[in-house]
Amino acid sequence: MSFGTVDNSHNDIVLAVDFDYYGDRMVTASSDHKLRVWDRKGDDWALLDTWKAHEAEIVDVKWNGPFWGSTLASVGEDGRVKLFQEDPLEIPKSGRRFKVIWWQRSETNIPFMSLDFKNLPTENLLALTTRDGYIQVLEPTNSNSLSDWSPVDAKFNRYLIKSPDRSEETGFCVTFHKEEMPSFAASVESYEHKPISLAVATMKKVKVFRTDSQRRFYLAAELEGARQVIRDIAWANGSIRGKDVIATASKDGYIRIYEVQLEKAINNPDSQFATQEDEWKDLEVVPDSSAVSRTQQSQITAGLHKIKEDYAPQRSDPVVDRPREIVTLAAELTSYSGAVWRLAFSPNGDVLASTGDNGAVRSWKKSLSGQWLEYAQVDVEGDT
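If you number the sequence shown the way my numbering does, the last residue is 403 and the count never jumps.
Here it is, written out as structure tokens:
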């Protein structure tokens, strides 16, 4: 296997890179406020177009494909998310090849930090999270157009944790489970609806959400163990295995691989299915009595209870499509002297690639004994 370098021609540091579904196109996002799209030509990459996409540095970019044409979205420090669509009639390198077809400001006036798409033949979803921990999941209002988006579950658009202090280092990122059916569906008979599965890193913890038969999000699991902020999440394909495999990259220098699967105690109806009470523990923050009056406290508490009542299922709601899941920390890997920044599973979900502060790319594979072992390393800077 050979490796090459691409002279990206950006005027500042590249903050995000993404490949399309087929691996034949690459988009780079930079602090110079520009996006560049590249086409693969044999072993080389040819620049297709470059344009100013934001009024500030661009922190994340993702392709939306392959079922909805050549479209991509980006988020920047200007507090906007923008969706671009390719116009093949425009001349390459003209700066007009990709045009904005939709954009939105952050509802909290705090810049977006991460985005992800889930793209299926009949479904297109966009997840966004801001630097202060506000989550949104959107879908096209019209199934034939990407020019207008609306919430999948309006009551889900909310803060996932208490907003960090401005001086505190933040870590929020989001990723969908990309396959059509979740892995636990293989273990549940008559599980007919196709839930959305979403993992969101909230500082040192990952929250896994799914939708029920009424397309309402609920908290399915929490992944804990990181000692510093989580930089990236990777969700492995392979629904047939009957369990989800999710990896996290943390500033503490560790890669953690979790397995999420249904609880085995199916003979106990009270423990088989999840209730929604635990979802709201993070939201029920009691203000400091020395700083907030009793009247204000009661108003805040009443407001939180109102949100809880609105979002939580009613007594008459069925909960059979909200199965309880258990989390196992399958591996805790480290070979980095600093933070781990990026993760990605292979298409089959059996190989994990990672990169960190030292610039090396490492590959990890699960052995026959069930252990995750490092089996390859590429020193990109040293070309070895």
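For every residue, glycine included, the Cβ atom is placed at its ideal position computed from N, Cα and C.
Note that the C-beta distance between residue 193 and residue 151 is not below 7 Å. Here DSSP, grouped into helix, strand and coil, assigns residue 203 to helix.
Judged by beta-carbon spacing, residue 100 lies beyond the 7 Å limit of residue 48, meaning their Cβ atoms are not closer than that value. Between the segment 345-352 and the segment 228-246 there are three or more C-beta pairs closer than 8 Å, enough to call the two in contact.
Pairwise C-beta distances place the segment 356-376 in contact with the segment 267-276, as three or more of them are shorter than 8 Å. Classified as exposed, residue 24 has fewer than 16 neighbouring CB atoms from the shown chains inside 10 Å of its CB. Taking every protein chain shown into account, the CB of residue 198 has 16 or more other CB atoms within 10 angstroms, so this residue is buried.
Within the model, the alpha-carbon separation for residue 212 versus residue 232 is close to 6 Å. Annotation: the continuous beta strand (DSSP E) that includes residue 153 extends over 153-159. By the criterion of a C-beta distance shorter than 8 Å, residue 367 is surrounded in its chain by 256, 257, once the five residues flanking it on both sides are discounted. According to the DSSP secondary-structure assignment, residue 370 is paired through a beta bridge with 384. Judged by DSSP secondary structure, residue 36 falls within the beta strand (DSSP E) whose first and last residues are 33-38. For residue 226, the closest of 386, 265, 234 by C-alpha to C-alpha distance is 265. Under a 10 Å Cβ-count criterion, residue 149 is classified as buried, with 16 or more other Cβ atoms of the shown protein chains found around its own Cβ.
In this structure, DSSP gives residue 358 a state outside helix and strand, which the three-state scheme calls coil. Inter-residue distance for residue 57 and residue 43 is about 8 Å (C-alpha atoms, whole angstroms). Rounded to whole angstroms, the Cβ separation of residue 145 and residue 77 is 16 Å, and the two are not in contact under 8 Å. Note on geometry: alpha-carbon atoms of residue 247 and residue 223 lie some 6 Å from one another.
In its chain, beyond the 5 residues on either side, 350 have a beta carbon closer than 8 Å to the beta carbon of residue 390. Straight through space, the alpha carbons of residue 358 and residue 184 are spaced by roughly 22 Å. Residue 221 and residue 188 have their C-alpha atoms roughly 12 Å apart.
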